[in-house]
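Data first, discussion second: the structure below is written as structure tokens.
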Amino acid sequence: MNDYLFRPIDNISLVLFRICFGFLVVAEAWGALITGWVKSTFITPEFTFNFIGFDFLQPLPGNGMYLYFFVMGLCGWGILLGYRFRLSSFLFALMWSAVYLMQKTSYNNHYYLLMILAFAMSLSNAHGDLSLDVKQNRTARINQMPTYIKLFVIIQLLIVYEFASIAKLYNDWLDLSFIDLLLGSKKNMPIIGPLLQYPVAKYSVAYFGIIYDALIIPALLYKPTQKIAIALSFFFHLFNSIVFQIGIFPYMSLAFMLFFIDPAWLKSKSQGLYHRFNEQYQNLQHKNTLVVSLLLLVHFVVQLALPLRHHFIQGDVLWTEEGHRLSWRMMLRTRQGSIQFFVTDVKTGRRETVDLNQYLTAKQISRLSTLPDYIWQFSQRLKKEYNEKGKQVAIHVKSKVSVNRGPYAEFIDPNVDLADTEWYYFRHNPWILPKPLSN
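Quick note: the sequence shown uses the numbering used here, first residue 299, plus one each step.
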């Protein structure tokens, strides 16, 4: 097995992907500055909802996050140009991981995928060609990479797409209930919006999405279907980019196709770049093969376990949200809710209703009203605030939630003191009420 994993193959796909990846990192980081995303996500809110257990990751004070994202953009240029590549890619991986974990109000699956890729890139020899590190003699020119790098990308993508396809196999997707909501929100788009309201368009989006996700990786690997798979990928991802405006993810997905295309063809189309560099190469050297093999095994065991974990947690993930994140459950549902927080002084029995607008932005309130981890975190924050004032309090919640515009139903047990509960990542939190039969 090791002989296969470490067998040298042409690295042109990795080198060209590095350039694309660097460009997308710049677009993500500096685009967040230009569009105001950094301001609305990190500057305006009084606090952010971090992933539970990562309270130590907090936004920089003042306008510090502007500088933070500017530096990430510089890292992207370092990746693109292959300039001090290992430093640039590893620094970006650390900084982006912190961004991902310190807030989840603007959660996207591609943020998670970007984090995985950033660390993987930092451990690769993607700067072995077409890089300033080679040009300035900081690293030897290498035209090979171990086979496991290509396998890593293919298996990771297979996991992403297969779980995305499987997740769509539920009633509201199959009967178009969710698709009606999804495309109905696009009816005012110029030209394409009205077309998306036709039943044939809704059926096409629903079922093409399932089939594409299920078959695209095998179709890209199989030579007779590769060209049609590439053409369908361009249509699919550009459609998603235009209609759903999901950032860099469609373009990152298109860049992945470099790993499926014949390296000889890629080289024939990039000779102009190659002629700018000398033609001397060094052979690929393999080190720590056992460590690499174990890391790959652990990574993919985790990647399989995370999307499957909701099957081992009581309740329907579409209702409870337990096991939803890190599972490639993409664009599957819409949630609306109403929520009130009540703080009761344990000594006096005095009860007051919390004005959420004094603490949170509109987007944070929207998330808080439907997602249990937000509800628990905010309860813990209120408890801490009142404790600092010398008050012992109980916190109760009145909450109703609707999934995919279904009937509203009670979501949180109003009798449970959320100030005195723990959060369970890998088992059901009993204060989340069961899914009503009508949902």
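No residue lacks a Cβ here, since even glycine has one placed at the ideal position from N, Cα and C. All of these numbers come straight from a predicted model, not from anything done at the bench.
Contact annotation: residue 555 and residue 407 have beta-carbon atoms that are not nearer than 8 Å.
If you keep only unbroken alpha helix (DSSP H) runs of at least 4 residues inside the segment 535-559, you get 547-553.
Closest option to residue 652, judged by alpha-carbon separation, among 693, 660, 709, 332: 693.
The segment 394-414 makes contact with the segment 340-348; the number of CB pairs closer than 8 Å reaches 3 or more.
Residue 461 places its beta carbon less than 8 Å from that of residue 626. Using a 10 angstroms sphere on the CB of residue 360, the tally of other CB atoms stays under 16, which defines it as exposed. Bounds of the beta strand (DSSP E) holding residue 699 are 691-701. The C-beta of residue 645 has fewer than 16 other C-beta atoms within 10 Å across all chains shown, which makes the residue exposed.
Taking the C-beta atoms as reference points, residue 320 is found no nearer than 8 Å to residue 394. Inclusion of residue 382 and residue 427 in the CB contact set at 8 Å is not warranted, their separation being larger than that value.
A direct Cα-to-Cα measurement between residue 676 and residue 353 gives close to 13 Å. With a cut-off of 8 Å on Cβ pairs, the segment 722-733 is in contact with the segment 612-619, counting three or more such pairs. Rounded to the nearest angstrom, the gap between the Cα atoms of residue 587 and residue 305 is 11 Å. Between the beta-carbon of residue 371 and that of residue 324 there is about 5 Å, and that keeps the pair under the 8 Å contact cut. If you draw a straight line from the Cα of residue 310 to the Cα of residue 601, it comes to about 27 Å.
In the three-state reduction of the DSSP assignment, residue 619 falls in the coil class, being assigned neither a helical nor a strand state.
Here residue 702 really is in contact with residue 632; their C-beta atoms are around 6 Å apart, less than 8 Å. In the structure shown, residue 707 adopts extended strand secondary structure according to DSSP, grouped into three states. Sequence-distant partners of residue 447 (beyond 5 residues in either direction) whose C-beta falls short of 7 Å from its own C-beta, in its chain, are 312, 422.
Taken in chain order, the whole beta strand (DSSP E) runs of length 3 or more contained in the segment 425-463 are 442-444. Looking at the DSSP output, residue 635 bridges to 699. Between residue 612 and residue 558, the C-beta gap is not smaller than 8 Å, which leaves the two residues out of contact. Residue 518 and residue 596 have their alpha carbons spaced roughly 26 Å apart. In the DSSP annotation of this structure, the continuous segment of the alpha helix (DSSP H) that includes residue 587 starts and ends at 587-606.
Collapsing the DSSP output to three states places residue 644 in coil. Contact annotation, residue 695 with residue 673: C-beta distance approximately 6 Å; criterion of less than 8 Å satisfied. Distance from the Cα of residue 511 is smallest, within the candidate group 547, 463, 496, 444, for 463. For residue 306, DSSP records a beta bridge to 444. Distances from the alpha-carbon of residue 669 to those of 643, 710, 607, 685 put 710 closest.
Assignment of alpha helix (DSSP H) within the segment 469-540, counting only whole runs of 4 or more residues, yields 469-472, 475-482, 490-493, 497-519 in chain order. Distance from the CA atom of residue 497 to the CA atom of residue 606, rounded to whole angstroms, is 33 Å. The beta-carbon separation of residue 358 and residue 445, rounded to 41 Å, does not stay under the 8 Å limit for a contact. Here the alpha carbons of residue 328 and residue 386 stand approximately 16 Å from one another. A direct Cα-to-Cα measurement between residue 332 and residue 356 gives close to 22 Å. Secondary structure of residue 384 (DSSP, three-state): helix. Counting the other Cβ atoms within 10 Å of the Cβ of residue 471 gives 16 or more, which makes it buried.
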